[in-house]
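Participant: Starting off with a structure, shown below.
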Amino acid sequence: MLFGEIAYGPIHSRRLGTSLGMEIMPLEHKLCTFDCVYCECGWNEKVDHPQLPTRDEVLAALETKLRAILPETTPDVITFSGNGEPTLHPDFLGIIEDTCALRDQYCPAAKVSVLSNSTQLGRQEVVQALRLCDNRILKLDAGTDEMMRRIDQPVNSDLTVERIVEWLAVFQGDFTLQTCFLRGSHNGLVIDNTTPEELDAWYCAVEKLRPKQIMIYVIDRKTPEEHLEKISREEMERIAAPLIEKGYEVIISA
Ligand code: SF4
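What follows is the structure, encoded as structure tokens:
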């Protein structure tokens, strides 16, 4: 499933409410630093010169969309996600600055949200851009390197959970941690971030980061790896329970 427009929707998001979607990755294929086994956009494709929308094109598309939908529909949120990792855009900071300015002008109550896989947090301008947003929804799918690599298949195979946690720590808990729970297999390897050992390692990362909100979710649509299992609502509630007991706000999408 690919998003074919720079500004699309608004759509009702099970996690975010009435969401005006922003796509700043290529419109024809996914471009990401992960290749998650559950990615709804399919597998990464090798493309030599990916075409990204320019900052001006993004600004124009958002303004046109806001003029078209207001005042009948006011978005709760303007959300950057879509066909890959939005923070890869070389003008990501400028695009977020423009978006915040348009939001202030047209729909000041709307939140600006970014869903990111956390892999670009070592870049100062990405951290700066994310600080301008109202919601930073940042991925950590496992507490161990082995399971993170099996699930997310990072393009940079040296990426570690420790490094991601270090990067996430700069927000001092002012972000939403997002984790997809799943089981299955891929290329003959077991995928399971719900075992007691995996959960312990993930809880440990959560305790280091103390995020203001935790979103845990299950696979919901067709996935590129077919041998994946959707975790039940009851099991997700069991996963969330120790964190809720400790006072964390946990949102379960299952
Ligand atoms: S981080 Fe998101 S876009 Fe990238 S592969 Fe994973 S699910 Fe797909």
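Mapping the sequence shown onto the working numbering, position 20 (from 1) lands on 178, and the numbers just tick up by one.
Glycine is no exception: its CB is placed at the ideal position from the N, C-alpha and C atoms.
Quantities reported herein were computed from a predicted structural model and do not represent experimental measurements.
How should Ser177 be labelled, buried or exposed, when 16 other C-beta atoms within 10 angstroms of its C-beta is the threshold for buried?
Facilitator: Buried: at least 16 other Cβ atoms inside 10 Å.
Participant: Let me know the secondary structure DSSP gives Lys366 once reduced to three states.
Facilitator: DSSP places Lys366 in helix when its eight states are reduced to three.
Participant: What is the DSSP secondary structure of Asp350, reduced to helix, strand or coil?
Facilitator: Three-state result, Asp350: strand.
Participant: Over the uninterrupted alpha helix (DSSP H) stretch that includes Lys223, give me the two end residues.
Facilitator: Arg213 to Ile227 is the extent of the alpha helix (DSSP H) around Lys223.
Participant: Ends of the beta strand (DSSP E) at Thr176?
Facilitator: Start and end: Gly175 to Met180.
Participant: Excluding sequence positions up to five away, which residues of its chain have a Cβ less than 7 angstroms from the Cβ of Met394?
Facilitator: Cβ within range, chain order: Phe339, Ile374, Val376, Ile410 and Ala412.
Participant: For Pro233, I'd like the list of residues in its chain whose CB is within less than 7 angstroms of its CB, leaving aside the five on either flank, ordered along the chain.
Facilitator: Pro168, Thr176, Ser177, Leu178, Cys265 and Ala268.
Participant: Could you check how far apart the C-beta atoms of Met183 and Gly240 are, in whole angstroms? I think they sit under 8 angstroms.
Facilitator: Indeed, because the Cβ distance is near 6 angstroms, the residues count as touching under 8 angstroms.
Participant: Please return the same chain residues whose Cβ sits closer than 6 angstroms to the Cβ of His134, not counting the five positions on each side in sequence.
Facilitator: With the chain covering 159 to 412 only, the question about residue 134 has no answer from this structure.
Participant: Mind checking whether the beta-carbon of Lys388 lies closer than 7 angstroms to any heavy atom of the ligand SF4?
Facilitator: Every heavy atom of the ligand SF4 is 7 angstroms or more from the Cβ of Lys388, so no.
Participant: In the DSSP assignment, find the beta strand (DSSP E) that holds Met373 and state where it starts and stops.
Facilitator: That run of the beta strand (DSSP E) goes Gln371 to Tyr375.
Participant: Less than 8 angstroms between C-beta atoms, sequence neighbours within five positions excluded: which residues of the same chain meet that for Val205?
Facilitator: Cβ neighbours of Val205 beyond the five flanking positions: Pro184, His187 and Leu189.
Participant: Quick one: residues in its chain with C-beta nearer than 6 angstroms to the C-beta of Leu347, no 5 flanking neighbours on either side, listed in chain order?
Facilitator: Same-chain partners within the cutoff: Arg308.
Participant: Cβ of Glu355 within 7 angstroms of any heavy atom in the ligand SF4?
Facilitator: Answer for Glu355: no, Cβ out of range of the ligand SF4.
Participant: Bridge partners for Ala165 per DSSP, in chain order?
Facilitator: Ala165 pairs with Met180.
Participant: Would you say the beta carbon of Asn351 is closer than 7 angstroms to some non-hydrogen atom of the ligand SF4?
Facilitator: Not under cutoff, so the answer is no.
Participant: Am I right that Asp292 and Ser274 are in contact with their C-beta atoms under 8 angstroms? What's the rounded C-beta distance?
Facilitator: That belief does not hold up - the Cβ atoms of Asp292 and Ser274 are roughly 14 angstroms apart, past 8 angstroms.
Participant: When every heavy atom of the ligand SF4 is checked, does at least one fall within less than 7 angstroms of the C-beta of Asn275?
Facilitator: It does: the Cβ of Asn275 is within 7 angstroms (strictly closer) of some heavy atom of the ligand SF4.
Participant: Any heavy atom of the ligand SF4 closer than 7 angstroms to the beta-carbon of Lys297?
Facilitator: Result yes, Cβ under 7 angstroms from the ligand SF4.
Participant: Would you call the CB atoms of Leu290 and Leu326 closer than 8 angstroms?
Facilitator: No. Outside cutoff.
Participant: Does Asp249 get closer than 8 angstroms to chain B when you measure Cβ to Cβ?
Facilitator: As a matter of chain content, chain B is missing from the structure shown, which is built from one protein chain.
Participant: Could you pull out every unbroken beta strand (DSSP E) segment of at least 3 residues lying fully inside the segment 269–333, listed in chain order?
Facilitator: Complete beta strand (DSSP E) runs here, min 3: 269–274 and 293–297.
Participant: Shortest alpha-carbon distance to Glu320 belongs to which of Val284, Ala363, Gln282 and Ile295?
Facilitator: Checked all of Val284, Ala363, Gln282 and Ile295; the closest Cα to Glu320 is Ala363.
Participant: Please state whether DSSP places Cys338 in a helix, a strand or coil.
Facilitator: Reduced to three states, the DSSP call for Cys338 is strand.
Participant: In or out: Ser315 buried (at least 16 other Cβ within 10 Å) or exposed?
Facilitator: Under this definition Ser315 is an exposed residue.
Participant: Are the Cβ atoms of Ala165 and Leu220 separated by less than 8 angstroms?
Facilitator: Cβ distance < 8 angstroms, so Ala165 and Leu220 count as in contact.
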